[in-house]
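Below is one structure, written out as structure tokens; comments come after it.
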Amino acid sequence: MSTLVSLENVSKRYDRRDGTSVAAVDDVSLEVREGEVLAVIGYSGAGKSTLVRLVNALERPTSGTVRVGGQDLTALSERELRQARSRIGMIFQQFNLFRSRTVAGNVAYPLRVAGVAKAQREARTAELLDFVGLLDRAHAHPEQLSGGQKQRVGIARALATNPPLLLADEATSALDPDTTAEVLSLLRRVNTELGVTIVVITHEMDAVRLVADRVAVMEAGRVVEVGDVYDVFSDPQTPAAQRFVRSATHDRPSAGTLARLRTHHPGRLVSVRITDEPKIQQLIDAAFRDTGTSAELVYGGVSEIRERRTGSLTYELGGTGVDAALAALRSAGVHAEEEV
Amino acid sequence: MGEDGFFDGFLGTTDVFLTAIWQTLFMALVSIVAAGLIGLALGIALYATRPGNLFGNRLVFGVLGFVVNLVRPIPFIIFLAAIGPLQRAVVGSTIGTNAVTFAISLAAAFAVSRIVEQSLVGVDPGVVEAARAVGASRTAILFTVVVPEGLGPLVLGYTFIFVGIVDMSAQAGLVGGGGLGDYAITYGSQRYDWGIVYVSVAAIVVIVQVGQLIGNRIARGVLRR
Ligand SMILES: Nc1ncnc2c1ncn2[C@@H]1O[C@H](COP(=O)(O)OP(=O)(O)OP(=O)(O)O)[C@@H](O)[C@H]1O
Ligand SMILES: [Mg+2]
Chain A
10 MSTLVSLENV
20 SKRYDRRDGT
30 SVAAVDDVSL
40 EVREGEVLAV
50 IGYSGAGKST
60 LVRLVNALER
70 PTSGTVRVGG
80 QDLTALSERE
90 LRQARSRIGM
100 IFQQFNLFRS
110 RTVAGNVAYP
120 LRVAGVAKAQ
130 REARTAELLD
140 FVGLLDRAHA
150 HPEQLSGGQK
160 QRVGIARALA
170 TNPPLLLADE
180 ATSALDPDTT
190 AEVLSLLRRV
200 NTELGVTIVV
210 ITHEMDAVRL
220 VADRVAVMEA
230 GRVVEVGDVY
240 DVFSDPQTPA
250 AQRFVRSATH
260 DRPSAGTLAR
270 LRTHHPGRLV
280 SVRITDEPKI
290 QQLIDAAFRD
300 TGTSAELVYG
310 GVSEIRERRT
320 GSLTYELGGT
330 GVDAALAALR
340 SAGVHAEEEV
Chain B
878 MGEDGFFDGF
888 LGTTDVFLTA
898 IWQTLFMALV
908 SIVAAGLIGL
918 ALGIALYATR
928 PGNLFGNRLV
938 FGVLGFVVNL
948 VRPIPFIIFL
958 AAIGPLQRAV
968 VGSTIGTNAV
978 TFAISLAAAF
988 AVSRIVEQSL
998 VGVDPGVVEA
1008 ARAVGASRTA
1018 ILFTVVVPEG
1028 LGPLVLGYTF
1038 IFVGIVDMSA
1048 QAGLVGGGGL
1058 GDYAITYGSQ
1068 RYDWGIVYVS
1078 VAAIVVIVQV
1088 GQLIGNRIAR
1098 GVLRR
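Protein chains in written order, with the numbering used here: chain A, 10 to 349; chain B, 878 to 1102.
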């Protein structure tokens, strides 16, 4: 798979009023592969928005290079940059539709900017509105649409010039869960049916679970972990990724939850990682049974990421064979960790 | 006036009254168009050159802002006196309807420029970002996104200015500019003919109301609400 976007040692610093400066993006090297959906996750202020704005050159990096389709954006003039931007679509949390234009007018705007003739503009606009299921609302105004419809218009507008790359900055964060699912499945279609490479910034688990192939975790301006979505979510390596994954998946008890659990579960609390290993339940049961350990399920969750099982179950264990049970689990390849 | 009717003075001067209405309308309409255009250009320049905006330029923004702030608070009657030399250079006279119209246009242009700027500043930066993201040039963004998006409040602002312009035109009487204000003073209050004063007031009120009505209509059309 070839690389569509590559960031090499990219930093973006902003000057503060007090003379100091803050690195919104700090020495990031990252690749986006052609045809994939990459999710960028991380807490507020981690630098996610700044990162994507560097990719379509809405911001210029303080240092480092940004390459899209082999072209070094940092070396381009303003005019060349505008051309490069027309080959990168972008959608926004607040949709950012033009209120002074109709739905069709919004979708046609990038084509107008690109100097496409009227007849072709209209044909392309109709085609896109059909793709996002809003052909019958072509002459409506944005304020007459629901949030989900607005984002679909945003997607159609972003795709107008047939860009190979789409950037989505918190595109579903202003939507309710049902509408979010609808927009996410549209993004998935954009990826699979149109072959568009997508970078989604999100803090929502569903957005990652339903559309992303790979995920990059950001913290304090740095990309601290990159990997396949399943790997990062089922087995995060860095503390930052672990914190984020836990808070997003809710299947491991937080410190507060743990303290509460201990008040009525005085035994040892052990969290077992659930993977898509076949018969993992039987392995766990056998480890407890063979060591005479009593196990009570007190917390946890199991779900799917990209159609593979993942989760965590927390047990209260009792009896004299707990340590032996933990050893048995580990030797069977099951990850078990005592909560402390 | 003794036994005469309240409106006898007015009925005897209807030709003057009609001329005054025409002069007021002429001053108001020419001024709103001229001030509208000059103010629009000035306001767009103020918006665009604000540091951090599309054509951010601290120097140009600072100079424009200083001039506008300097001129705008000057009471119209003093402004009228102060721009005498400019009037003579452009219109060839400091008195008469044309000279006054010129003065009103200029004074109102400064007020309009701030209203235009305010309307444009109110445009969601997100749509500017969206336009930048599709590769639109700065000029294109200014005229195909910012101005259309800010147009609704702009029309309402113009309506507001229209009232001010009618007010200024009424002061035109002091320099022989004619119009309803002139008529109300020379034929009305100076001769203690209150009938003429009230008719003039009524005519001004009607003009202002009609102006506002039209403005609101257009604004509603533009805002499509
Ligand atoms: N134009 C700017 N000027 C100064 N500081 C900025 C600017 N843009 C971003 N920052 C700072 O850079 C850091 C990263 O901001 P960024 O918006 O990229 O974070 P984010 O991960 O997108 O956060 P969120 O999830 O809240 O959108 C923050 O500390 C922010 O205050
Ligand atoms: Mg952000």
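C-beta: ideal position from N, C-alpha, C; glycine also.
Counting only runs of at least 4 residues, the stretch 957-1041 of chain B fully encloses the following alpha helix (DSSP H) elements, listed from N- to C-terminal order: 961-967, 974-998, 1002-1010 and 1015-1018. Cβ atoms of LEU919(B) and LEU947(B) stay farther apart than 8 Å, at about 13 Å. In the three-state reduction of the DSSP assignment, VAL1076(B) falls in the helix class, which pools H, G and I. With fewer than 16 other beta carbons inside 10 angstroms of its own, PRO928(B) counts as exposed. Less than 7 Å divides the Cβ of ALA48(A) from the Cβ of ALA221(A). Beta-bridge partners of GLY1053(B) (DSSP): none assigned.
Non-local beta-carbon contacts of ARG198(A) in its own chain, meaning distances under 6 Å to residues more than five positions away in sequence, are absent.
Within chain B, the C-beta atoms nearer than 9 Å to that of ARG94(A) come from ARG1009, ALA1010, VAL1011, GLY1012 and ALA1013, in chain order. Per DSSP, the beta bridge partners of SER321(A) are ARG282(A) and GLY310(A). ALA1008(B) is a Cβ neighbour of VAL1022(B), given a cutoff of 7 Å.
Between SER970(B) and ALA912(B), the C-beta spacing is not below 7 Å. For the pair ALA333(A) and THR284(A), the CB atoms are not nearer than the 7 Å cut-off. In the three-state reduction of the DSSP assignment, THR890(B) falls in the coil class. The C-beta distance from GLY230(A) to GLY44(A) rounds to 28 Å, too long to fall under 8 Å, and the pair is not in contact.
Annotation: the continuous alpha helix (DSSP H) that includes ASN946(B) extends over 935-948. At a cut-off of 7 Å between C-beta atoms, VAL1004(B) counts as an interface residue with respect to chain A.
Counting C-beta pairs closer than 8 Å gives three or more between the stretch 63-70 of chain A and the stretch 88-97 of chain A, which meets the contact rule.
Residues of chain A with a Cβ closer than 7 Å to the Cβ of VAL1022(B) are, in chain order, PHE107. Think of a sphere of 7 Å around the beta carbon of ALA1017(B): the chain A residues whose beta carbon falls inside it are VAL122, in chain order. Of the candidates ALA1047(B), LEU1090(B), LEU917(B) and LEU906(B), ALA1047(B) places its Cα closest to the Cα of ILE954(B). Judged by beta-carbon spacing, GLY1088(B) lies within the 7 Å limit of PHE1039(B), meaning their Cβ atoms are closer than that value. Within the stretch 65-80 of chain A, those residues whose Cβ lies closer than 9 Å to any Cβ of chain B are, in chain order, ASN65 and LEU67.
ASP24(A) carries a strand assignment under DSSP once its states are collapsed to helix, strand and coil. Pairwise C-beta distances place the stretch 289-306 of chain A out of contact with the stretch 245-265 of chain A, as fewer than three of them are shorter than 8 Å. Within chain A, no C-beta atom comes nearer than 7 Å to that of GLU994(B); the closest sits roughly 18 Å away.
Spanning the alpha carbons of ILE210(A) and VAL232(A) requires a straight line of approximately 13 Å. In this structure, LYS21(A) has its CB at a distance of at least 6 Å from all heavy atoms of ligand 2. Taken in chain order, the complete alpha helix (DSSP H) segments of 4 or more residues contained in the stretch 103-163 of chain A are 112-122 and 127-140.
Rounded to the nearest whole angstrom, the C-alpha separation of LEU997(B) and ALA1096(B) is 15 Å. In chain order, PHE107, SER109 and ARG110 make up the part of chain A whose C-beta sits under 8 Å from the C-beta of PRO1025(B).
With distances taken between CA atoms, ALA113(A) lies nearest to PRO151(A) out of ARG76(A), SER86(A), PHE104(A) and PRO151(A). Neighbourhood of ARG91(A) in chain B, by CB distance below 8 Å: GLY1012, ALA1013 and SER1014, in chain order.
Here the stretch 954-966 of chain B makes no contact with the stretch 931-941 of chain B; the two share fewer than three CB pairs at distances below 8 Å. Taking a Cβ-Cβ cut-off of 9 Å, PHE140(A) has no neighbours in chain B, whose nearest Cβ is about 18 Å from it.
Interface with chain B (7 Å Cβ-Cβ cutoff): PRO173(A) is excluded. Going by DSSP, VAL349(A) is part of no alpha helix (DSSP H) at all; its letter is neither H nor E.
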